[in-house]
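The next block holds one structure in the form of C-alpha cells; read it before the comments.
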Amino acid sequence: MAQGVKMGSFGVAYNKETRIAVPFVVGDAGPAIGEGSVALARLAAGLAIKDPIQRGERYEGQVDAKRVLWIYFKDAPAPYDSTKEAATVQNAKDAFQAWGGEARLALCVQQVPRN
Numbered sequence: 031m032a033q034g035v036k037m038g039s040f041g042v043a044y045n046k047e048t049r050i051a052v053p054f055v056v057g058d059a060g061p062a063i064g065e066g067s068v069a070l071a072r073l074a075a076g077l078a079i080k081d082p083i084q085r086g087e088r089y090e091g092q093v094d095a096k097r098v099l100w101i102y103f104k105d106a107p108a109p110y111d112s113t114k115e116a117a118t119v120q121n122a123k124d125a126f127q128a129w130g131g132e133a134r135l136a137l138c139v140q141q142v143p144r145n
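If you use my numbering, the sequence shown corresponds to residues 31 to 145, in order.
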C-alpha cells in the first residue's frame, strides 16, 4: 500500500466527468492505488449497483483512470468489518464530512491539473 494508506483508511473517489463523489474505506490491498470494487466503480459512473453483474458489464465505470481523483483522509484508520456494510458506509460518509465534504472537495478539484 502507498505511504500512509492503511487497511481501514477512508477516502473519496471523485469522477471528474460525472462529478460524483463516492466515499470509501480501504478493505484490501491491491497492486496500485486506484483500484476499487465494482460497486464503487458503478456508483462513481452514475450507474446503479447490480448483483450479480453480467460479463459484458464488468468494466462499466472503471475507476483506474485519470478521470477519477483519489483522496485519502489522514485520520487514523478504523477497524474494517465486511459483515457490517451499513456501518462501514456510514463511517466513510462521516469521515468525508469531517474532512470538509463537498465544499473542500470542490476546492481540491479546482487545483488538480487538467492533463
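Here a beta-carbon is modelled for each residue, glycine too, at the ideal position from N, C-alpha and C.
When we look at the beta-carbon of residue i and count the other beta-carbons within 10 Å, is it buried (16 or more) or exposed?
i      : result
Gly60  : exposed
Ala125 : buried
Leu137 : exposed
Ser39  : buried
Thr118 : buried
Ala51  : buried
Val142 : exposed
Gly86  : exposed
Ala133 : exposed
Arg72  : buried
If you reduce the DSSP assignment to three classes, tell me which class residue i lands in.
i      : result
Gly131 : helix
Val68  : helix
Val55  : strand
Ala136 : helix
Excluding the five sequence neighbours on either side, which residues of its own chain have a C-beta within less than 7 Å of the C-beta of residue i, listed in chain order?
i     : result
Ala75 : Asn45, Thr48, Glu90, Gly91
Gly66 : Ala43, Phe54, Val93
Near residue i, which residues of its chain fall below 8 Å by C-beta distance, leaving aside the five closest residues on each side in sequence?
i     : result
Asp58 : Met37
Val98 : Ala43, Tyr44, Asn45, Lys46, Gly64, Ala74
Leaving out the 5 sequence neighbours to the left and right, which residues in its chain are closer than 6 Å to residue i when beta-carbon positions are compared?
i      : result
Ala128 : none
Thr96  : Correcting the residue identity first, residue 96 is Lys in this sequence and not Thr. Within the same chain, Lys96 has no close Cβ partners at all.
Rounded C-beta distance between residue i and residue j? I'm assuming under 8 Å.
i      : j     : result
Tyr102 : Gly41 : 4 Å
* To do: Pick out the complete alpha helix (DSSP H) segments inside the region 75-131, 4 residues or longer, and give them in chain order.
  => Listed in chain order, they are 115-129.
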